[in-house]
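Step one of this worksheet: look at the structure below.
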Amino acid sequence: MKTHTRPIALPIALAAGLAASAGQAQVASDIEATLSVAQWSSEQIISATDAAIARFAEKYPNVTIETQYIPIVSGNWGDYINAITNQIAAGDSPDIIAVAIEGFAQLAASGVLMDLDTFTEGNEAAAEVMAGIEQNLLDGMRTKGTGELNFFPTEWNNIVMYYNKDMFDAAGLDYPAPDWTWDEFRQVAADLTLRDDAGNVTQYGYFVPGFFFGMEPWYLTNEAAVLDAEWREPTVDTPEFRETLEFLHALIHEDGSAPAYETGVGIEKFNAGQIAMFSAGHWPVPSIRAGEQQNVGVQHMPMNKVQTTVYGIGGLGITKATEHPDLAWAFVEEMTGPEYQQSLADDGSSIPTARAFATTDEFTAWPDNSEIFYETAETAIPVTSPANYAVVQEIVGRYLSTYFNDEVGLDDTIAGMDRELDRAMARANR
Amino acid sequence: MATLRTREIRAGYLFILPAYALYLAFLLIPLIAAMGLSFAQMDRLSWTIDWVGGENFDWVFSDPRFWTAFGNTFYFISMSVIGNVGLGLVVALALDRAIPGPLLYFFRLAYFLPVLVSLAFVSFIWKFLYSTDLGIINYYLRQLGIPNVPWLTSSSMAMISVIIMDVWKNMGFFVIIFLAALQGVPRNLIEAAAIDGARPWVVLTRIKVPFIAPVIVFCITYATIGGLQVFDSIKILTNGGPGDATRSVVMYMVGEAFDLGDLGTGAASALILLVTIGFVIACQFGIVGFMRRRRKA
Amino acid sequence: MTMMTHPHADTLTARFYRATRVIHWRNWTVMVLLGIGAVFMLLPFMWTFSTSLRPISEAYRLPPSFLPDRLDFSSYARLEDGPIPFLTMYWNSFVVAAVTTVVVIFTSAMAAFAFSRLRFPGSNVLFASMLVGLMVPPALVLIPLFFGMAAVGLIDTLWSLILPALANPLAVLMMREFMRSQPREYEESAFVDGASYWTIFWRISLPQMGPPIAALSIIVFTTSWNNFLLPLVFVRSFEAMTLPVGILSLFGSYGAEELSVILAAVTLSILPLLVVFLIAQRFIVESIASTGVKK
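Chains as they are written, first to last, in the UniProt record's numbering: chain V, 1 to 430; chain L, 1 to 297; chain B, 1 to 295.
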């Protein structure tokens, strides 16, 4: 079994050598080849990829694209990365891999990805594409530590506050201002919580996000974070982090303005008219639009110390195992180019990375105030995504579930989370 | 007559060959390979192996979260065996009587239907039923004036909720097995007892239950094995939470092997589980054998 | 006829009828209780079905509906129009489950015949070693299996879903238990008449096993139809995808799923199992009735 290391090392060296001269190389349009592309599965991705393959076939009629869609069950990126890692280990690596930021570092750390700078440097078309993308988003594509560009961006999402305008109107409340604060938010959430004669809540003000990505802006607007900026050390044992957890805990247990904590985003509860506000990216838009709540607005997340939010981004990487790096890059260009960006904008389940497609009147027409989606691209902070993301997410989620359900006190929560994160990060940094 | 004997032996091996070859290729050999991993640390990508001896076992034995999962698993087993086998037996005995044809069809279908559905879908559906403030069950409880039950959101309730769903899902399997076994109870025995004026309760405890006792033992063993391997339902329903309140040993194993990428530790915890299952089953058979001998004595 | 000539015929018949009438009264109570239980067993399915008939916008509304208040099949139509090839997955699921069931039933019946009817050295050891397989958590053997499958190039084929499911020690165990409880007189007399082991197995043992084979077929078919782990790891393309993982692909990665569509898919995935169960159930009842007649 040990002999397998050598055949892997050789292609890496070869690929690096090839890649060095790859930038300007033109691929002959009559090349006969097969490219395999691994992506996560969603209706939007499948249709958009089919369209991209059709366009690609006009340029390279003898190239076959093998697609592979791996379902991601309940936001578990670990399973997805594992499936791909298994394939690579079995000597059957895809040429192109789509990953969201949560999996960037893990895949990059395993050393199977090419540095895409070898394609983009001195490449005018790529330079043009990159100029159309907010620099802050592009920075998120680079692997911390090595600084390599291991992924090329397709789509992104940032967390904002969705609110039901009808419910604000019924309660006689003003719509939230861009610079609203935590205290204002807390009051609004309480005012939006309605009870029937028996005292049962019929409408909650807010749904505390039951997912890692959704919790991030609450830390960030209080200058707190799960890990430090380099994603190496835990920073949960800080007054700011504690204050954040206490604040959300109070919504559930003191004010009663949020339902009992459970995992999930809350989209279906919003659609059913059971909650007035929830936090998410752009992905709920198609489902809310198909629903009953049509009078909807979005606003920046409320702030305590700073106004900011979090972003997540997806991109395509090229593996060192590919036999056709230049052709693979050509397909990556197709999958990140204008037609693909337009199809993303049409679908609405994420935000195109290219500014031109994310700021059109059509894209920002609904929900109200949609301009804030791309506006925050400049300042938003990438979601905490160390190479051991799956572990960090599991630890934080586990402690939050007991704290927010009043099973364990705050001190024990912070201490336990800090201890486990410490060990996990020490293992990962080794 | 040696030829007859040789013929029988040869036939024995030939008849076993297909099933055993499949078993060897797709279960036993992969199992042995996985067991080897429990003494190693393996790199997932290069597929290189470092032998580390008992280090993985030391880690598992000293990890309090493993013991929490271990305790949870046995709590789950004891409750789910009682629920599945006990309720399954009660329902089967209730169904084993003169019931008009269409109604019998309906009952069998109703009790067996959950068995037919994928656990992935079942857990997905029950999440909606169980949701604390916005769920369907609590909605009706509130209509009856009963305060919200924190089905999945409190440590003390979460495992009970998992067990309720498990019994709902799997009970029908045992109902069918018991029903099939009850068909084998000689009708003339029951009729004779009825003619002698024996109460239904006596027929039940003195004739029917003793007759199907071996099947009951089989079902208990089978439910125990199923309980020890519980994974999918908890994974989707609670993901082991709140905290570690519903984490099972297999969840711990999968977490170590796949989420943490530590195949060796995952395999080590699975080996411990395997030995435990073997021990529990040996105990069950021991108890049954002891009881049989006492009855005879 | 015999009853009439029996000296105590009248009293016996009278007592038997009195006894059955008492049971009859109890029957009603039991049936009502069974009925209440059955409704509770069915409620989640009723919610699933009626929600799949609601427009997406009303899927989550409380109070929920358990009876369909309208017949809006648009969610089912969405499955047809969507980019996920639902019918292909349906067919794959069927092929995988059918092949698995036939092979497992056949091989386990053969093994059970050997274990319960034939004496040969090592049979106890071989049987005990198969019981070990009962205790193995499927997730454990997945990684070695993956590498084996990759080595012979079966990844992403229906074979990668069928082959691992063919190792089924539970089926062997259950078949052996059932076969041991069958009388062996017919087999022994056939043997004396000079029939080969194969003839005995094929002509006598197997036909005796109707009900248990029906029951086991349901179990094996359902397990295969619902298998989630194997397609998750072994299958990549929709050409070889089966329903459970395929349906979960309808989820967005962050829960923007359209509930009605998913529940429509779930409903459709249950249907064939229902048919299999209804057919096999009839078979169980009929074969039991026929053995009753023979006695």
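We put the CB at the ideal spot given by N, CA and C, even for glycine.
Remember, predicted model here, so these are calculated numbers, not experimental data.
- Looking only at 102(B), 199(B), 83(B), the smallest Cα-Cα distance to residue 222(B) is reached by 102(B).
- Assignment of residue 247(L) by DSSP, reduced to helix, strand and coil, places it in the coil class.
- Every unbroken stretch of the alpha helix (DSSP H) spanning 4 or more residues and falling wholly within the stretch 117 to 145 of chain L is given here in chain order: 119 to 130, 136 to 143.
- Three or more Cβ pairs closer than 8 Å define a contact, and the stretch 140 to 154 of chain L falls short of that threshold against the stretch 260 to 267 of chain L.
- Fully contained in the stretch 201 to 230 of chain B are the following alpha helix (DSSP H) runs of length 4 or more, in chain order: 210 to 226.
- At least one C-beta of chain L is nearer than 8 Å to the C-beta of residue 405(V).
- In the three-state scheme derived from DSSP, where H, G and I count as helix and E and B as strand, residue 292(V) is classed as coil.
- For residue 175(V), no alpha helix (DSSP H) encloses it, and the DSSP letter there is neither H nor E.
- When the alpha-carbon of residue 271(B) is set against those of 34(B), 48(B), 117(B), 174(B), the nearest one is in 48(B).
- Counted as a single uninterrupted DSSP element, the alpha helix (DSSP H) harbouring residue 216(V) occupies residues 212 to 220.
- The three-state secondary structure of residue 242(L), taken from DSSP, is coil.
- Approximately 13 Å separates the beta-carbon atoms of residue 99(B) and residue 168(B); this is outside 8 Å, ruling out the contact.
- Membership of residue 240(V) in the alpha helix (DSSP H) is indicated by the continuous run 239 to 253.
- Going by beta carbons, residue 92(L) and residue 211(L) fall outside the 8 Å limit.
- By the C-beta density criterion, residue 181(B) is exposed, having fewer than 16 other C-beta atoms within 10 angstroms.
- Those residues of the stretch 87 to 121 of chain L placed with their C-beta closer than 8 Å to a C-beta in chain B are 91, 94, 95, 97, 98, 99, 103, 105, 106, 107, 108, 109, 110, 111, 112, 113, 114, 115, 116, 117, 118, 119, 120, 121, ordered along the chain.
- Judged by their CB atoms, residue 253(V) and residue 406(V) are nearer to each other than the 8 Å cut-off.
- Closest option to residue 40(V), judged by alpha-carbon separation, among 183(B), 122(B), 273(B), 238(B): 238(B).
- Of all alpha-carbon atoms in 243(V), 351(V), 203(V), the one lying nearest the alpha-carbon of residue 222(V) is that of 243(V).
- Shortest Cα-Cα distance from residue 129(V) to any of 377(V), 355(V), 201(V) involves 355(V).
- Membership of residue 62(V) in any beta strand (DSSP E) is not indicated, and neither H nor E is assigned to it by DSSP.
- Counting C-beta atoms within 10 angstroms of its own C-beta, residue 198(B) has fewer than 16 neighbours from the protein chains shown and is therefore classed as exposed.
- The count of Cβ pairs closer than 8 Å, one atom from the stretch 239 to 253 of chain L and one from the stretch 215 to 230 of chain L, reaches three, so the stretches are in contact.
- About 18 Å separates the beta carbons of residue 105(V) and residue 154(V), which is beyond the 8 Å limit, so they are not a contact pair.
- Residue 82(B) belongs to the set of residues whose beta carbon lies under 8 Å from a beta carbon in chain V.
- Against chain V, the beta carbon of residue 249(B) has neighbours under 8 Å at 41, 42, 69, 71, listed in chain order.
- For the stretch 215 to 244 of chain L, the beta-carbon criterion of a distance under 8 Å to any beta-carbon of chain V is satisfied by 236, 239, 240, 241, 242, 243, 244.
- Counting only the Cα atoms, residue 368(V) lies some 15 Å from residue 280(V).
- With its beta carbon at least 8 Å from every one in chain V, residue 174(L) lies outside the interface.
- One thing to note: residue 121(B) has its Cβ no nearer than 8 Å to the Cβ of residue 180(L).
- The Cβ-Cβ distance between residue 398(V) and residue 243(L) falls below 8 Å.
- Secondary structure of residue 30(V) (DSSP, three-state): coil.
- Contact annotation: in the stretch 49 to 75 of chain L, residues whose CB is within less than 8 Å of a CB in chain V are 49.
- For residue 204(V), the enclosing beta strand (DSSP E) stretches over residues 201 to 207.
- A residue is called buried when at least 16 other Cβ atoms come within 10 angstroms of its Cβ; residue 127(B) meets this threshold and is buried.
- Secondary structure note for residue 363(V): it is in no beta strand (DSSP E), with a DSSP letter that is neither H nor E.
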